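**Student:** I'd like to ask some things about the structure below.
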Amino acid sequence: MNRTRVLRGGWLLLALCVTVAGAAPRRPEFALRDLQGKVHRLSDYRGKWVIVNYWATSCPPCRREIPELSRFHDAHKDRDAVVLGLDHEEMPDLWLKEFVRQMKPSYPILKAGSATLTPFGPVRVLPTTFIVRPDGTLLGRHQGMVTAEALERFLAAQEKAAAKAKTKKDP
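Numbering (the working numbering), first residue to last: 224 to 394.
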């Protein structure tokens with residue numbers, strides 16, 4: 224992966240995360256089932272950053288970012304962030320399970336269906352990634368592929384900003 228592409232992706236991610244779609248609720252919520260039938264609620268992950276990635280099996284960039292999202296999820300799931308993959312299509316469970324078996328994402332894959340309007344606002348482009356703060360509020364969205372490195376830089380910038388704000392608050 225070339226450095227320019229990674230840097231451009233990181234800057235785009237940071238820039239897009241400061242703007243939240245006007246139609247999106249401040250504190251989105253959903254209850255969706257994974258492929259084993261377990262229900263996942265967004266509120267189950269309070270206290271961690273949540274990277275919510277809408278994708279489809281027919282989307283080449285979506286398939287290419289699965290290893291990137293897995294790498295990020297594996298590095299953070301026990302500490303400060305998780306990834307949730309929301310399948311944005313109407314696909315039989317058997318086919319989706321086979322796709323997941325082949326691609327081996329390390330994060331939960333949830334069946335969201337193909338509705339354009341989501342708990343986060345409209346999804347018109349795949350992949351689309353929403354970033355939810357640890358307090359459950361929506362920070363922003365990114366349309367297009369994300370990388371583990373861009374997410375790492377984003378998280379580091381958020382932690383640095385939080386530490387700086389705390390230092391200013393505590394004289």
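Each residue gets a CB set at the ideal place from its N, CA and C atoms; glycine is no exception.
Owing to the predicted nature of the structure, the values given are computational and were not obtained by experimental measurement.
Residue 341: buried (16+ other C-beta within 10 angstroms of its C-beta) or exposed?
**Tutor:** By the neighbour-count rule (16 or more Cβ atoms within 10 Å), residue 341 is buried.
**Student:** Which of the three DSSP states, helix, strand or coil, is assigned to residue 383?
**Tutor:** Note: residue 383 maps to helix in three-state DSSP.
**Student:** Opposite residue 263 in the DSSP bridges: which residues?
**Tutor:** Answer is 255.
**Student:** Sort 357, 278, 332 and 314 by Cα distance to residue 257 and report the nearest one.
**Tutor:** Among 357, 278, 332 and 314, the Cα nearest to that of residue 257 belongs to 332.
**Student:** Rounded to a whole number of angstroms, what is the C-alpha to C-alpha distance between residue 280 and residue 329?
**Tutor:** In a straight line, the C-alpha of residue 280 is about 16 Å away from that of residue 329.
**Student:** Could you give the uninterrupted runs of the beta strand (DSSP E) lying entirely in the segment 282-362, keeping only those of 3 residues or more?
**Tutor:** Whole beta strand (DSSP E) segments, 3+ residues: 304-310, 332-334 and 351-355.
**Student:** Name the two residues that bound the continuous beta strand (DSSP E) containing residue 277.
**Tutor:** Here the beta strand (DSSP E) through residue 277 covers 272-278.
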